[in-house]
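Report on one structure; see the data block that follows.
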């Protein structure tokens, strides 16, 4: 076997691991979800992709191994012809162990695409098991009878389950407590090359126009009767099929002068074929094999700038059909009409709509989110193992610290990182919640949506130094927060600006007019002691009652008349159309969430984090020097003067 570099280094962290994937798909078959995700994984860690076995003439079983890149190895088990299912499982288990031994794979995550790999991975000891369920394999033609019970076993064993589409997510979500939705994404830059002029592939150059194409596997999921009927209804249309034929007899493909089967093509060459298509097709049959599919080609066609026509596949109808990005048709007549409309719709405005939709639909973003879920799973399991060991082993030497930091939110995490990195101090961070991040904690829910558990936290600052510091721990997603207030049955910008006043009062004021208008309704008050005084003196009582009073009560649990004037000064009225909630120079959101940012901030050998622990439980157990307390100050002093107000500022 070839060697594969070991870049893990000496000081191994909980998230330092290899990834071993077992797949029913061939690496070189069609470039799709496994290749997109695992090539990105291989940028950071070693990946071993083990394909479904093949039968070979040689009597001795072996593992055919090749290295695709520095950190990516593809292996194919070769089994003797005629071996039984049980023998095949035993041989593959032995070959897999040989692979792990040869490449010194000790700490690894096991990633399965097929339940058929369960029998020969049962005795392995991965630190976590991931099941990436990209298709309902049991619904495919010639599915093995033992596939469903093996999937039941895989659900019981998996620590994390990913699903490749909304429909699949909905039928799997109740089978496991940690299921997440990750539908088909796209390498937009790759397919957008089709929007620009370029050389024509020689085997397509002689085909007339208009060309309507399909790129993908041609199997039982493609409605060949529909294809033939469309070809007959429009003999001048040239229907081009790019991709391999699988699980069906090629002799059964419909043959017409305007049907062209060009065979499989490299992923790198696909934009060149799509470049001169006039429309792209998803002519899928409506059967059990397509009930849960989420075609990767949908966003790829759109990224190429092509109008798209599809049969009513659930995960195409929602969201692409509902967003007006894909034309949906059920029969040949409808398909033809939809294609005629589609070929007339190429416009700059449509491409803008497509690009806006695809902005967040990136394989890079998808892998980053999945990688975070895996790392969190690995950390959680590692913590559980350590806790189990702690409870069973004899008492060890007690670790000492320079500082005890109470609270793992913004203040605690930043101070801990600064003391550890800049001063070389040992820091113990104690957090009574089950997570770090404080009230900025975010997490992915069962639908794969990043949720701010304690309400939205919008990052904004005028300090370049602060922004640069946090940029050490996160990349950023550009974001400017905008708020609409529901007032008198209207949704209007807040804070109050020119458009707000014009819409509320049915006016057509200019910027200059707005200043005069606000002066005319303002009530003179002196001195300005409360928030009510300040607001009424600037915008008058009517706007105060419509906007500020209830908003302030919700925010502070106090009436504006009970709050200092400086509170309302934070939300001014604007003499412009600027509808941003904040005007700071730096506004963004952590690309992978606040929690990921805090994890990186606290990932330091001199920092130890203890969760689910009140600091008072350990103050007499752990030696430490000084304390930094970031929790509620009244609680620190045992509420000796009662509870402080709900919120307060340093007025």
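In our numbering, the protein residues as written are 57 to 707.
Yeah, the Cβ is synthetic: ideal placement off N, Cα and C, and Gly gets one too.
Since the structure is predicted, the reported quantities are computational estimates derived from the model, not experimental observations.
Buried versus exposed, by CB contacts within 10 Å (16 or more), residue i
i: residue 395; result: buried
i: residue 699; result: exposed
i: residue 689; result: exposed
i: residue 505; result: exposed
i: residue 126; result: exposed
i: residue 651; result: buried
i: residue 708; result: Lying before the first or after the last residue shown, residue 708 is absent from the chain, which here runs from 57 to 707.
i: residue 44; result: Absent from the structure is residue 44, since the part of the chain shown begins at 57 and ends at 707.
i: residue 217; result: buried
i: residue 37; result: Beyond the ends of the chain as shown, which are 57 and 707, falls residue 37; an answer cannot be given.
i: residue 321; result: buried
i: residue 610; result: exposed
i: residue 79; result: buried
i: residue 487; result: buried
i: residue 563; result: exposed
Span of the beta strand (DSSP E), counted from its first residue to its last, around residue i
i: residue 610; result: Per DSSP, residue 610 belongs to no beta strand (DSSP E); it is in the alpha helix (DSSP H), 605–612.
i: residue 269; result: 267–271
i: residue 661; result: Counting along the chain, residue 661 falls outside any beta strand (DSSP E), and DSSP gives it neither H nor E.
i: residue 136; result: 128–136
i: residue 36; result: As shown, the chain starts at 57 and ends at 707. That puts residue 36 outside it, with no answer to give.
i: residue 589; result: Unbroken run through residue 589 is the alpha helix (DSSP H), 587–599; no beta strand (DSSP E).
i: residue 318; result: 315–319
i: residue 397; result: No beta strand (DSSP E) contains residue 397, which is instead part of the alpha helix (DSSP H) from 388–398.
i: residue 112; result: 110–112
i: residue 376; result: Here residue 376 belongs to no beta strand (DSSP E), and DSSP marks it neither H nor E.
i: residue 684; result: 680–685
Cα-Cα separation, residue i to residue j
i: residue 539; j: residue 635; result: 8 angstroms
i: residue 343; j: residue 386; result: 13 angstroms
i: residue 466; j: residue 427; result: 23 angstroms
i: residue 231; j: residue 434; result: 21 angstroms
i: residue 252; j: residue 545; result: 47 angstroms
i: residue 708; j: residue 480; result: What the structure shows of the chain is the stretch from 57 to 707, and residue 708 is not part of that stretch, so it cannot be assessed.
i: residue 694; j: residue 653; result: 32 angstroms
i: residue 195; j: residue 556; result: 55 angstroms
i: residue 208; j: residue 375; result: 30 angstroms
i: residue 215; j: residue 675; result: 35 angstroms
i: residue 450; j: residue 183; result: Per-residue confidence for residue 450 stands at a pLDDT of 46, beneath the threshold of 50, marking its modelled position as unreliable; the derived number appears in the next sentence. If I take the Cα positions, the gap works out to 25 angstroms.
i: residue 728; j: residue 512; result: The displayed coordinates of the chain run from 57 to 707. Any statement about residue 728 would go beyond what the structure contains.
i: residue 76; j: residue 159; result: 11 angstroms
i: residue 405; j: residue 377; result: 17 angstroms
i: residue 409; j: residue 352; result: 19 angstroms
i: residue 269; j: residue 283; result: 11 angstroms
i: residue 140; j: residue 95; result: 34 angstroms
i: residue 614; j: residue 583; result: 20 angstroms
i: residue 784; j: residue 348; result: Given a span of 57 to 707 for the chain in the structure shown, any question on residue 784 remains unanswerable.
i: residue 709; j: residue 357; result: Because the chain in this structure spans residues 57 to 707, residue 709 falls outside the shown range and cannot be described.
i: residue 474; j: residue 150; result: 49 angstroms
i: residue 498; j: residue 572; result: 44 angstroms
Residue span of the alpha helix (DSSP H) that contains residue i, given as start and end
i: residue 258; result: 258–261
i: residue 355; result: 353–359
i: residue 158; result: 141–158
i: residue 96; result: 89–97
i: residue 329; result: 326–330
i: residue 174; result: Residue 174 -> no alpha helix (DSSP H), and no H or E assigned at all.
i: residue 643; result: Looking at the DSSP string, residue 643 is not in any alpha helix (DSSP H); the run it does join, the beta strand (DSSP E), is 642–646.
i: residue 244; result: 244–248
i: residue 280; result: 280–289
i: residue 672; result: Element bounds for residue 672: n/a, residue is neither H nor E.
Assumed close pair residue i, residue j - CB separation to whole angstroms, cut-off 8 angstroms
i: residue 110; j: residue 134; result: 6 angstroms
i: residue 554; j: residue 565; result: 7 angstroms
i: residue 91; j: residue 83; result: 7 angstroms
i: residue 631; j: residue 678; result: About 56 angstroms; that fails the 8 angstroms criterion.
i: residue 130; j: residue 124; result: 6 angstroms
i: residue 73; j: residue 163; result: 5 angstroms
i: residue 407; j: residue 361; result: 6 angstroms
i: residue 354; j: residue 382; result: 7 angstroms
i: residue 515; j: residue 550; result: Between residue 550 and residue 515 the Cβ distance is about 20 angstroms, and since that is not below 8 angstroms, they are no contact.
Three-pair Cβ contact test at 8 angstroms for the segment 560–577 versus the segment 516–535
no
Between the segment 226–244 and the segment 413–431, are three or more C-beta pairs nearer than 8 angstroms?
yes
Would you be able to state if there are at least three C-beta pairs under 8 angstroms between the segment 188–203 and the segment 151–160?
no
Is it a yes or a no for the segment 302–310 touching the segment 323–336, going by three-plus beta-carbon pairs under 8 angstroms?
no
At least three beta-carbon pairs within less than 8 angstroms, the segment 95–109 to the segment 289–296
no
Using 8 angstroms as the cut-off, can you tell me whether the segment 279–289 makes contact with the segment 331–345, which would need three or more C-beta pairs spanning the two stretches below that distance?
yes
Under 8 angstroms, with one C-beta from each stretch per pair, do the segment 249–266 and the segment 364–372 reach the 3-pair mark?
no
The segment 377–393 / the segment 167–183 touching (three or more Cβ pairs under 8 angstroms):
no
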